[in-house]
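Just so we're on the same page, the working numbering is the position in the sequence shown counted from 1, plus 173.
C-beta: ideal position from N, C-alpha, C; glycine also.
Values in this document were obtained by computation on a predicted structure and should not be read as measured data.
To start, the structure itself, in structure tokens.
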Amino acid sequence: MKKKVRKLLGILIVGILVMFLCINYFSQIIISQNDMTNSSKVIFRQIDQIIKQNEEELEKRKEDIRNICILRARAIAYLLQQDKSKINNLEEMKKIAKLLEVDEIHIFNKEGTIYAGTEPKYYGFNMESGEQISFFSPMLEDTSMSMCQEITANTAENKMMQYAATWTEDGDVIVQIGMKPSSVLEKIEKNKVSYIFSRLAETNGYTLVAIEPETNKIVGSTKEALVNKNISDIGINTKKMKNWDKAYHFRIKGKWYFCIFEKQDTIIVGRICEAKILYSNINENNFMFFIYILLIGGVVIYFITHYLDKNIIKSISAINNGLQDISNGNLDTKIEVNNTPEFKELSHYINQMVESILETTDKISVIIDTVGLPIGLYEYNGSMERVRITHKLPEVMGLSEEEAYKLCENREEFNAWISEILSNPIEGEHEIYKISSSPDRYVKIEIIKRDDSVFGIVVDKTSDICTKNKLEKELGEDELTGLCSRRGFYSKMDELFALPEKLGCAAVVMIDSDDLKKVNDTYGHNNGDRYLCEIANILLKVNAPGQLTARLGGDEFAILFYGAGSKEEIDEYMNKLEELRMNHIMKIENDVVIDVKFSMGKAFYIVDGVESERLMRVADKRMYIDKRERKKKQME
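As structure tokens, this is what we get:
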């Protein structure tokens with residue numbers, strides 16, 4: 174018992190240990206994923222702030238440059254308004270450009286053509302020469318306008334410049350200045366995602382990427398080798414991603430990676446980490462957790478088994494020994510185990526239960542005797558010499574008190590006596606036996622065996638069997654027609670079919686009356702009964718030597734022709750029956766005469782089957798075919 178308890182405790186604790194290890198393992202996986210998710214979200218917010226901050230600074234820088242360009246264009250226009258002779262002086266124009274720190278000066282006439290400035294090679298270009306220069310064409314319509322163009326490639330040399338233009342005060346010429354936007358371009362370059370991500374520092378094993386949503390192209394990464402690649406090229410399958418704002422596991426170049434993505438304004442940012450690195454501490458932590466739980470489990474098993482051995486196992490063993498004595502029939506055994514209040518209480522209730530069983534057995538016997546039920550009980554087991562019986566058993570079995578007492582003294586003799594009775598069962602009955610013939614006495618014996626115990630219930634069935642035999646005799650004849658009843662017909666037919674030599678050449682005929690319902694509805698049920706009796710008389714008039722005629726029930730009849738010398742002989746009987754059927758009438762009250770009609774179908778033994786049930790089914794089907802044909806002829 175102690176070993177079994179230890180084994181069960183060991184299995185239980187190992188099971189709990191495995192369960193906690195699994196819970197701990199998966200919990201640490203979830204925690205690692207959550208930690209990466211949370212840290213990634215912080216990094217994503219920082220990236221978003223950097224990009225937005227750079228964009229704001231870039232816009233501010235662009236606005237400052239635009240203002241500077243307009244101011245310098247206006248300053249040059251003012252100078253030229255004061256001394257227009259400088260317009261056609263190339264050297265003077267270059268001095269002004271250098272003084273005001275502009276790279277180019279172009280002078281347009283009122284028709285929008287460059288005719289002066291610091292760049293003679295641009296002379297002759299007009300507002301229609303290209304898309305870039307045409308930006309300023311609205312100024313030809315309004316001399317009060319000043320315009321500044323975004324950084325773009327110029328028309329003449331396709332180099333990146335930023336141009337601003339304004340009219341002189343008298344509206345005579347347009348002064349356009351051009352500046353190389355080196356500082357702005359540098360700022361734009363630094364604001365590119367690829368530049369931002371190249372400057373970001375990332376923990377070893379982790380990679381940041383920026384993805385263009387429309388093309389899934391990597392436009393920035395802390396690993397420069399990934400830039401300009403499609404994310405599918407590195408093993409990330411977008412078809413498996415329901416949306417970008419989630420975490421996924423992907424197998425990249427034979428290794429598992431944990432990937433987190435977030436969709437921002439213009440890009441999708443992601444953070445990728447190899448699973449081996451992300452979960453690197455889980456196995457170590459789980460091993461330490463296993464050691465702690467194992468030590469705790471060992472201590473728990475020791476203390477529990479020690480307590481069980483001292484306070485429970487010994488007490489259970491003592492109770493088991495007492496219960497074994499009780500189950501062996503020693504109902505006088507008393508159990509006294511007082512180690513704990515619980516076992517003391519259990520011992521008390523067991524003793525009380527045994528006393529109740531003894532009292533209940535006596536009460537049942539008294540009740541059976543009081544109400545006069547013909548039931549007797551007996552009981553014994555392998556360790557009992559004497560058989561215990563109720564007071565009613567001797568009366569049920571037709572024994573005197575002395576005979577019963579003598580039988581019960583020896584379990585083996587009693588068992589032999591019961592076995593002898595069981596060897597004489599009543600045919601067709603379940604567990605009913607005849608124990609005497611003068612007078613007839615029948616009993617039902619039901620024996621319940623469990624382990625080494627035997628419990629017997631004996632019920633007096635004499636009255637039931639005698640009544641049943643009487644009813645069976647009475648039920649052999651149909652009360653209305655005097656023909657054989659259904660039960661009698663089946664019984665006699667079974668006997669004949671069991672003796673093929675007596676059955677000989679045979680046939681089954683199934684008969685069903687026609688128009689019985691019409692007769693009942695029109696002339697009453699009394700005449701309906703007379704109608705059935707007329708059919709019975711017709712059937713009896715065949716008067717074959719081997720003829721068994723029966724009413725099976727309702728308007729259904731059957732004939733078994735047997736013992737015939739040949740099939741032709743049976744055909745003669747059928748022809749005679751057909752002649753009797755053709756012209757038979759019955760008189761009703763008030764001189765009313767009706768035809769007596771019925772349908773029939775036959776099946777020959779061996780030809781249509783060798784079993785009575787099959788022959789009856791075949792004959793029944795043919796009878797219904799005959800009925801349909803007769804109705805059809807009647808309608809015609």
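Coarse secondary structure for residue i, derived from DSSP in three states
i: residue 308; result: coil
i: residue 201; result: helix
i: residue 806; result: helix
i: residue 620; result: strand
i: residue 799; result: helix
i: residue 782; result: coil
i: residue 470; result: helix
i: residue 860; result: With the chain represented from 174 up to 809, any question about residue 860 goes unanswered, as that position is not in the structure.
i: residue 380; result: strand
i: residue 729; result: strand
i: residue 560; result: coil
i: residue 327; result: coil
i: residue 514; result: helix
i: residue 351; result: strand
i: residue 598; result: strand
i: residue 528; result: helix
i: residue 389; result: coil
Rounded distance between the beta-carbons of residue j and residue i, thought under 8 Å
i: residue 192; j: residue 451; result: Not quite, the Cβ-Cβ distance comes to about 24 Å (not below 8 Å), so this is no contact.
i: residue 281; j: residue 347; result: 4 Å
i: residue 685; j: residue 772; result: 5 Å
i: residue 338; j: residue 246; result: 6 Å
i: residue 608; j: residue 614; result: 5 Å
i: residue 680; j: residue 734; result: 5 Å
i: residue 441; j: residue 354; result: Actually they are not in contact, since the Cβ atoms of residue 441 and residue 354 sit about 30 Å apart, beyond 8 Å.
i: residue 718; j: residue 736; result: 7 Å
i: residue 474; j: residue 188; result: About 13 Å; that fails the 8 Å criterion.
i: residue 550; j: residue 630; result: 6 Å
i: residue 350; j: residue 277; result: 7 Å
i: residue 754; j: residue 798; result: Not quite, the Cβ-Cβ distance comes to about 16 Å (not below 8 Å), so this is no contact.
i: residue 458; j: residue 201; result: 6 Å
Residue interval of the alpha helix (DSSP H) (run including residue i)
i: residue 663; result: 659-670
i: residue 713; result: 698-713
i: residue 744; result: 740-755
i: residue 507; result: Unbroken run through residue 507: none, as it is neither H nor E.
i: residue 269; result: 263-272
i: residue 430; result: Per DSSP, residue 430 belongs to no alpha helix (DSSP H); it is in the beta strand (DSSP E), 428-436.
i: residue 584; result: 584-595
i: residue 675; result: 673-676
Where the beta strand (DSSP E) through residue i begins and ends
i: residue 339; result: 333-340
i: residue 607; result: 605-610
i: residue 552; result: 548-554
i: residue 570; result: Run containing residue 570: none in the beta strand (DSSP E); it sits in the alpha helix (DSSP H), 566-570.
i: residue 449; result: No beta strand (DSSP E) holds residue 449; the alpha helix (DSSP H) holding it covers 448-451.
i: residue 765; result: 765-768
i: residue 277; result: 277-281
Cβ neighbours of residue i in the same chain (closer than 6 Å, five flanking residues each side left out)
i: residue 793; result: 683
i: residue 715; result: 746, 749 and 750
i: residue 510; result: 488, 491, 492, 516 and 520
i: residue 305; result: 325, 327 and 328
i: residue 166; result: Past the edges of the chain, shown from 174 to 809, lies residue 166, and the structure says nothing about it.
Nonlocal neighbours in the same chain, by C-beta distance under 7 Å from residue i, ignoring five residues either side
i: residue 300; result: 285, 306, 307, 309, 310 and 313
i: residue 633; result: 547, 569 and 616
i: residue 408; result: 423, 424, 425 and 426
Beta-carbon proximity list for residue i, same chain, < 8 Å, skipping 5 on both sides
i: residue 496; result: 508 and 523
i: residue 580; result: 560, 572, 586, 587 and 590
>> If contact is defined by three or more beta carbon pairs under 8 Å, each pair taking one atom from either stretch, is the region 189-201 in contact with the region 427-434?
In response: no
> Can you find at least 3 beta carbon pairs, one from the region 758-767 and one from the region 668-677, that sit closer than 8 Å?
Replying inline: no
> Would you call the region 306-319 and the region 378-397 in contact, with 3 or more CB pairs under 8 Å?
Replying inline: no
> Taking contact to mean at least 3 C-beta pairs separated by less than 8 Å, is the region 545-558 in contact with the region 576-587?
Replying inline: yes
>> Whether or not the region 709-728 and the region 653-660 are in contact is what I'm after, with contact meaning three or more pairs of Cβ atoms, one per stretch, closer than 8 Å; do they touch?
In response: yes
>> Using a Cβ distance threshold of 8 Å, determine whether the region 781-790 contacts the region 685-694, with at least three qualifying pairs required.
In response: no
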